[in-house]
Each structure stands twice: as structure tokens, then as C-alpha cells.
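Numbering-wise (the working numbering), the sequence shown opens with residue 4 and increments by one.
Here the structure comes first, spelled out in C-alpha cells, and everything after it is commentary.
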Amino acid sequence: MHSFLIVSRDKKKASLYISDFLKKKGIYPIDISQPVYEKAVGIEDVRNIQKSILFKPFKGKSKAIVIEAYEGITTEAQNALLKILEEPPINTIIVVSIPKKELLLPTIISRCKIIELQGNDLALSREENIQYLYLNFLRQLQKTYTIIKSTNVNQRIALENLFLSF
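Right under this line is the structure:
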């Protein structure tokens with residue numbers, strides 16, 4: 004398979020993973036095309052990729068096209084990208100990086116090997132953040148209760164330390 008979909012909310016983590024991944028595949032940095040997009044990837048951007056995909060690699064046997072679509076990708080661009088993914092050149096690896104795979108058409112997802120990067124996503128929903136804080140507080144409260152019951156510690160000081168730590 005020559006097409007990969009990297010799913011991560013953390014753009015820096017995805018970029019580091021992609022560079023390591025391509026290095027392991029034996030692709031030299033000079034053979035990596037990674038256009039920078041100011042806004043959502045449009046159809047003209049994908050057409051430019053279609054033109055550049057025809058060139059041979061400079062140094063190695065393979066080359067890579069990296070599309071970071073963190074600002075989004077239009078439906079027209081996805082349809083044009085689908086044509087590239089259906090018939091990729093033999094010596095080309097295509098890597099699409101995106102925050103959520105739901106942003107892509109199912110046909111694109113089906114033609115790529117999906118690699119989901121887990122991590123410390125700070126962009127969790129408000130409810131998930133509240134739940135995390137609540138559970139963390141309950142764990143600390145349980146620890147403090149255990150310390151109070153099992154040792155000869157001053158209860159007031161132990162509870163003050165608990166509440167001051169939050």
C-alpha cells in the first residue's frame with residue numbers, strides 16, 4: 004500500500020511521526036514534497052500535487068508527498084485526491100495528515116492505511132476535561148482519607164494540603 008492516513012490532533016507529533024516513518028522507508032528529505040497550506044486544501048493544490056507526482060525521485064528509489072490538511076480539505080479536492088490514491092505511481096508514497104478521519108470522504112479512508120496517533124490531546128471536550136478533573140480529585144481525596152485513617156497525621160493539615168493542591 005502506498006497511501007497512508009495519519010490521524011492526530013497534535014500537528015507537531017504527526018509531523019515528527021511522518022519524518023521518522025519516511026526515514027525508515029528509506030526516503031531522503033530531498034525526495035519529500037510537503038506543501039504548506041495557509042487555508043483548507045483546495046482543488047488547485049491537489050492539481051499541483053498531481054503534476055509533481057509525475058517527477059522521478061532525485062536521490063533515492065522512492066519519493067513521498069505529504070499533505071497536512073489540518074485547516075481542512077474541500078470536497079472537490081478530496082475527489083481529485085481520490086484519483087491520485089486510486090492509481091498512485093509505483094515509486095511514490097502519499098501521506099495525508101488530518102486531525103479527524105471523519106473530515107475525509109469514506110472512499111479516501113478506504114484507500115489508505117490508517118495510523119492513529121494517541122497522545123496527550125489537549126483538545127478534549129469540556130465534559131471529558133471535567134470528568135478527568137473530578138476523578139483525579141476523588142483519587143486524591145481517597146489517598147488523603149487513607150493517610151488520615153492509617154497514620155497519626157493532623158486531619159486539618161492533611162485536608163488543607165489536599166485542597167491547596169487543586
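Just so you know, even glycine gets a beta-carbon here, dropped at the ideal spot from N, CA and C.
Computed from a predicted structure; not experimentally measured.
Cα atoms of Leu-106 and Phe-166: separation of roughly 42 Å, rounded to the nearest angstrom. With 16 or more other Cβ atoms from the protein chains shown falling within 10 Å of its own Cβ, Glu-71 counts as buried.
For Ile-97, the enclosing beta strand (DSSP E) stretches over residues 95-101.
Runs of alpha helix (DSSP H) with 4 or more residues, each lying fully within the stretch 16-93, are found at 46-55, 78-89, listed in chain order. Between the stretch 32-49 and the stretch 57-68, the count of Cβ pairs shorter than 8 Å is three or higher; the stretches touch.
For Leu-167, the enclosing alpha helix (DSSP H) begins and ends at 158-167. Ser-11 sits in coil when the DSSP states are folded into three classes, being neither helix nor strand.
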